[in-house]
Each structure stands twice: as structure tokens, then as C-alpha cells.
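Going down the list, the sequences are from chains A and B.
Quick note: the first sequence uses my numbering, first residue 1, plus one each step.
Quick note: the second sequence uses my numbering, first residue 222, plus one each step.
For reference, the structure is listed below as C-alpha cells.
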Amino acid sequence: MPDIDFEFIVIHLPHYGRALLLTLALGLGAILGSLLVGLPGSLILHFRAPVLRRVVAAYVEFSRNTPLLAQLFFLYFGLPAVGIKWSGFTCALTGLTFLGGGYMIEALRAGIEAVGRPQIESALSIGLSRPQIARLVVLPQALASAVPALAANCIFLLKETSVVGIIAVADLMHLTQGLIGLYYKTTESLLLLVAGYVILIVPVSLLFSRLEKAVRRAEFG
Amino acid sequence: MLHALELLWQNAPLLLDGLWATLGIAAAATFFSIIGGALLGMMRASWNNAIVQAAARAYLELFRVIPILVWLFVFFFAVPAASSLDISGTLAAVTVFSLWGASEMSDIVRGALKTIPQAQYDAGRAIGLSGAQLHLRVILPQAVRRMLPGAINLVTRIIKTTSLVVIVGVVDVVKRSQQIIERTKEPFVLYAFLLLLFFALCHPLSRLSRRLEKRFN
Chain A
1 MPDIDFEFIV
11 IHLPHYGRAL
21 LLTLALGLGA
31 ILGSLLVGLP
41 GSLILHFRAP
51 VLRRVVAAYV
61 EFSRNTPLLA
71 QLFFLYFGLP
81 AVGIKWSGFT
91 CALTGLTFLG
101 GGYMIEALRA
111 GIEAVGRPQI
121 ESALSIGLSR
131 PQIARLVVLP
141 QALASAVPAL
151 AANCIFLLKE
161 TSVVGIIAVA
171 DLMHLTQGLI
181 GLYYKTTESL
191 LLLVAGYVIL
201 IVPVSLLFSR
211 LEKAVRRAEF
221 G
Chain B
222 MLHALELLWQ
232 NAPLLLDGLW
242 ATLGIAAAAT
252 FFSIIGGALL
262 GMMRASWNNA
272 IVQAAARAYL
282 ELFRVIPILV
292 WLFVFFFAVP
302 AASSLDISGT
312 LAAVTVFSLW
322 GASEMSDIVR
332 GALKTIPQAQ
342 YDAGRAIGLS
352 GAQLHLRVIL
362 PQAVRRMLPG
372 AINLVTRIIK
382 TTSLVVIVGV
392 VDVVKRSQQI
402 IERTKEPFVL
412 YAFLLLLFFA
422 LCHPLSRLSR
432 RLEKRFN
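This is the structure:
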């Protein structure tokens, strides 16, 4: 084991702090964006809206069956060649949202489908209107049963942020790669990198496992 | 469009060479993931030792919390720095993808094993099978059907993840595309091609996985 240079770690701690915040912002933005894509998308699939359903289904297949790395390269290097220019951050957010949207659509759709037909029939028989049924009966149960899948998607997206460094976004990976190249302080840089992701993911992961427990208690008492 | 096809056709040998490297890494990682995942999954399902279970959980958590690309960096940069081992990008990638794939596969295997009724285990024991015989001849053959959709899905994830190897200097299909772009200045065509290529590799597997899942339910 090489000796660890603690001075190096202390000096670069603020840089890692900034990169961590950027990574967090990107991850949260992507989670929010993909939920905004996911909710209407899942409803379109569930209600089998004509034409739109095919578009959404094709999007889900495409986003889930291509790597984020290829999506980012296409957005950042491919599109400018046909006149569409974006910043690295916008590209990263777009790519992550594009990827996450497909996963969120599937998770939410499975949740909606888990709400049984009898639930809707009973709601109709006690005289609830369609919008009331959607708001009071279907969505609360659908969201509750989708929680584990949604949580898994959120953690997946936070981890996928590690790829955006390839298009010059100054995230944790990009910083680490730069520092290794500049100073050869490999062990120290990687320690900071791993610590950064532990700080990013562990609280989110704990939060979600508490949420899952709460949902299960609410369902089964 | 014609121009794009011509460009791809002219560079087909280079792209094929890169694709070969990509598929080789994905295939090796799939192989080790299945073997490692089967062993780990069986261990987690039936070895009720507190230390074994805690170690397995810790192993899974390491890959659940820390992104694969970070692991790739650790193996590619830190292992050679900390030891005298010289690790190539390809070796680092196969190692990391296999360790990650095995952790994912063990979840699939454990989940499938849990659906096998206890009576099957008891009956196997009762006719005097050893632990290994019981698993290889009675339990696994029944569980494999239930593992297939998840395992096929994991293969598509391994293929997609393999695109990361370009970052540690492996000359895969992404790197080959970048080399062609440097020469021809056609990023749009080549990156669109890459997206379609990965889609063509993964989509049939995803469909197969979904079809099997419907059939087994």
C-alpha cells in the first residue's frame, strides 16, 4: 500500500465538495425530469391512447436499450454537426432524463396495472366520477406499489451521473480523472471519489428503504 | 442517407474489429457473472450462517452504492498503483463487470430458488442426496426457468455497460467510431450508428426476456 497524502486530500476537499453538489444537482434534476416524462407516458400506455401509445412505446424501448454513454456522445458531439448546439450540463441533464424517463414509465405503468379491476368497479358503483377514481383510488395505490421500482430507478440515475464526465461536465468522475492525470495521486483521488458517491447514495438509499417500510405498513397494517 | 451508408460500409472492417472487442468483453463478463452469481445466489439462499450472509450483503451493497464506472477506475488506476500488477483496460473491465454481474445474478438466482417449495429440498434430502447433488439435479433445473427472464435482461445491461470500456482506453466499437470521426469529421453519422448498433444488440434480448416472463407467469 502506498502512503496516503492527507495534505492532498485536505487541499482538494473543496473541489470534491463542488463536484459533489454538481453531481447531486444533476441527479436530482434527472430524477425530477424523468418523473415528469414518466407520469404522462405511463398514463398514455395504460389508457392506450391512439398513435401516442406507439410513440411512447418506441421511446421506452429505445431509451432502455441504448447505453447512456452513446446517448451522451450523440447529444454532445453528434447533434452540433447538424446545427444543434448545447452546453455539457444541458446535454447531461437531457441524456439522463431521456434515459430515466423510459425506466420511470415502466415502473409507473406496472404500478397502475397492479390496481385491480374490482377496485375501479367498486369505486364506480359507489358513484365516484372518473377523475375522482383516478385521483382517490388508482393513483394513491399505484404510487404505493411503484415505490420500490421508483426508488431503484432514482438510485440507478444517481449512479448513472458518473458517466457524464465524458462530455466535459465537471462532476466527481471528471474531477478525479483530471487530478489523476495532473498529480498521479491515484489512491487519494479515488478515495475521495468513492467517499463522494457514498455520501451521495447512502442517505438516499436509507430514505427509500424507510419509505418502502412506511408504504408497506400503510397497506397491510 | 446514401452518403452515411457508404461511409459506414467503407469503415466496416474497423467497426467490426471494435464490435468484436465489445462483444468479447461482454461475453466474458456474462460467463463469469452467471457462474459467480449462481454460486453466490445458492449460498445466500441456503447457507444460514450469519457471517456468510453478512459478507454477501456487504458485497452486494458495495455494488449497489458505488457506480460501475467508479469501480472500473479503482481497478484500472488504484490496483496497479498499490501493487506491482499491471492491469490492462480489458482485464479491469472483465473483472469489474463480472463482479458486478455476479452480484446482480445472485439476486436473480436467490429469488428463483425461494420460489421452489421446501418439500423439494426435504424430498431430495430424504432420498439421500448430498447438498451439491440436491442443488445440481433437483433444485437448479426447476429454478432455471424462473431465472431466465432476469438473466437475459442482465445480459442486455452488461452489453450496455461494456460501452464504458472506452474510458479506460480499450479499443472497442466506441473507440473505433471516434477514430473514424477524427478522420472523416462525421460525428452525427457515427454516433447515430452507435446508438442503433447497441439498440440492435439489446432490443431482441429485451423482447425475449419479456416474452419468457409472460409465458412463465
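Backbone N, C-alpha and C define an ideal beta-carbon position, used for all residues, glycine too.
The structure displayed is predicted, hence computed values, not measured ones.
Query, Result
"Delimiting residues of the alpha helix (DSSP H) encompassing arginine 109/A", "88-114"
"Proximal chain B residues relative to glutamate 7/A, where beta-carbon distance stays under 7 Å", "Under the 7 Å cutoff, chain B gives no residues; its nearest Cβ is about 18 Å from glutamate 7/A."
"Per-residue burial, proline 288/B [other beta carbons within 10 Å of its own, 16 or more giving buried]", "buried"
"Top-ranked residue by Cα proximity to valine 164/A, from Arg216/A, Phe89/A, Val56/A and Val10/A", "Phe89/A"
"Alpha carbon of histidine 12/A to alpha carbon of arginine 358/B, nearest angstrom", "56 Å"
"Sequence-distant residues of its chain with Cβ nearer than 6 Å to alanine 149/A (five each side left out)", "Ala107"
"Close-in-space but distant-in-sequence residues of the same chain around tryptophan 292/B (CB under 6 Å, 5 per side omitted)", "Val317"
"Rounded C-alpha distance that separates proline 301/B from isoleucine 308/B", "6 Å"
"Alpha-carbon to alpha-carbon, phenylalanine 420/B and leucine 228/B", "20 Å"
"CB contact below 8 Å: histidine 424/B versus chain A", "yes"
"Distance, isoleucine 112/A Cα to arginine 217/A Cα", "20 Å"
"Pairwise C-alpha distance: leucine 200/A and methionine 263/B", "32 Å"
"Beta carbon proximity, lysine 381/B to chain A, threshold 8 Å", "yes"
"Rounded straight-line distance, which links the Cα of valine 138/A to that of alanine 144/A", "10 Å"
"Length of the line joining the Cα atoms of glutamine 274/B and glycine 332/B", "15 Å"
"Where the alpha helix (DSSP H) containing tyrosine 16/A begins and where it ends", "6-46"
"Nearest-angstrom Cα separation, counted from phenylalanine 6/A out to proline 408/B", "43 Å"
"Amino acids of chain A, ordered along the chain, whose beta-carbon sits closer than 9 Å to that of tyrosine 288/B", "The amino acid occupying residue 288/B in the given sequence is proline; tyrosine does not appear at that position. What proline 288/B touches in chain A: Leu158, Lys159, Glu160, Thr161, Ser162, Val163, Met173, Tyr197 and Ile201."
"Closer than 8 Å at the beta carbon, the chain B residues around alanine 70/A", "Ser384, Val395, Tyr412, Leu415, Leu416 and Phe419"
"Any chain A beta carbon closer than 8 Å to isoleucine 388/B", "yes"
"Residues of its chain near glutamine 363/B, where Cβ-Cβ distance is below 8 Å and the 5 sequence neighbours each way are ignored", "Ile337 and Gln341"
"8 Å Cβ cutoff, leucine 190/A in contact with chain B", "yes"
"Own chain, CB closer than 8 Å to leucine 257/B, minus 5 neighbours either side, in chain order", "Here the sequence assigns glycine to residue 257/B, which means leucine is not the residue at that position. Same-chain partners within the cutoff: Ser319, Leu320, Gly322, Ala323, Met326 and Ser327."
"Euclidean distance between Cα positions of proline 234/B and glutamine 141/A", "53 Å"
"Spatial distance of valine 194/A from leucine 355/B (CA atoms)", "41 Å"
"Collapsed DSSP secondary structure at asparagine 153/A in the structure displayed", "helix"
"Element boundaries [alpha helix (DSSP H), containing arginine 358/B]", "It is not in any alpha helix (DSSP H) - arginine 358/B carries neither H nor E in the DSSP assignment."
"Proximal residues, the region 264-293 of chain B versus chain A, C-beta separation under 7 Å", "Val286, Ile287, Pro288, Leu290 and Val291"
"Whole-angstrom distance between proline 14/A and proline 67/A, CA atom to CA atom", "31 Å"
"The region 43-52 of chain A / the region 119-131 of chain A touching (three or more Cβ pairs under 8 Å)", "no"
"When Phe297/B, Ser427/B, Leu385/B and Phe437/B are compared against isoleucine 246/B, the one with the closest alpha-carbon", "Leu385/B"
"Nearest neighbour of methionine 173/A, chosen from Thr383/B, Glu282/B and Phe298/B [CA to CA]", "Phe298/B"
"Cβ neighbours of asparagine 232/B in the same chain (closer than 6 Å, five flanking residues each side left out)", "Ile401"
"Exposed unless 16 or more other CB atoms sit within 10 angstroms - verdict on serine 42/A", "buried"
"Proximity to valine 330/B [Cα-Cα], best of Gly371/B, Glu434/B and Ala277/B", "Gly371/B"
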